[in-house]
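The sequence shown maps to residues 15 to 79 in our numbering.
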Amino acid sequence: MTDLTAAEALAVAPLLVASFFFGFYPAPISDRAGRVAEELGAAARVHSLTVPLDAKTATAPAPRP
Numbered sequence: 015m016t017d018l019t020a021a022e023a024l025a026v027a028p029l030l031v032a033s034f035f036f037g038f039y040p041a042p043i044s045d046r047a048g049r050v051a052e053e054l055g056a057a058a059r060v061h062s063l064t065v066p067l068d069a070k071t072a073t074a075p076a077p078r079p
């Protein structure tokens, strides 16, 4: 009785290779993640801008869709 069958080894082998590759050379993942994080941050900054209330009318602006 073996702990790992051939089918299981074939399923795990690509994951093991990818883990070692990206462990020693993480640039492809970190570069892409950095760009995505910058885009999400820019979008969040645009949507978080607030419009000051007019002191005379004291009504809030209409909600964004």
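Every residue gets a Cβ at the ideal spot worked out from N, C-alpha and C, and that includes glycine.
A quick note: this is a predicted structure, and the numbers were derived from the prediction, not measured.
Using 8 Å for Cβ pairs, my map puts I43 next to F36. What's the rounded Cβ distance? On the sequence shown, position 29 is the one that residue 43 refers to. On the sequence shown, position 22 is the one that residue 36 refers to. Yes, I43 and F36 are in contact; Cβ-Cβ is about 6 Å, under 8 Å.
So is A23 buried or exposed if we call it buried at 16+ other beta carbons inside 10 Å? Counting from one through the sequence shown, the residue named residue 23 turns up at place 9. By the Cβ-count criterion, A23 is exposed, with fewer than 16 other Cβ atoms from all chains shown falling within 10 Å of its own Cβ.
May I have the straight-line CA-CA distance separating A47 from R78, to the nearest angstrom? Walking along the sequence shown from the start, residue 47 turns up at place 33. Walking along the sequence shown from the start, residue 78 turns up at place 64. About 29 Å.
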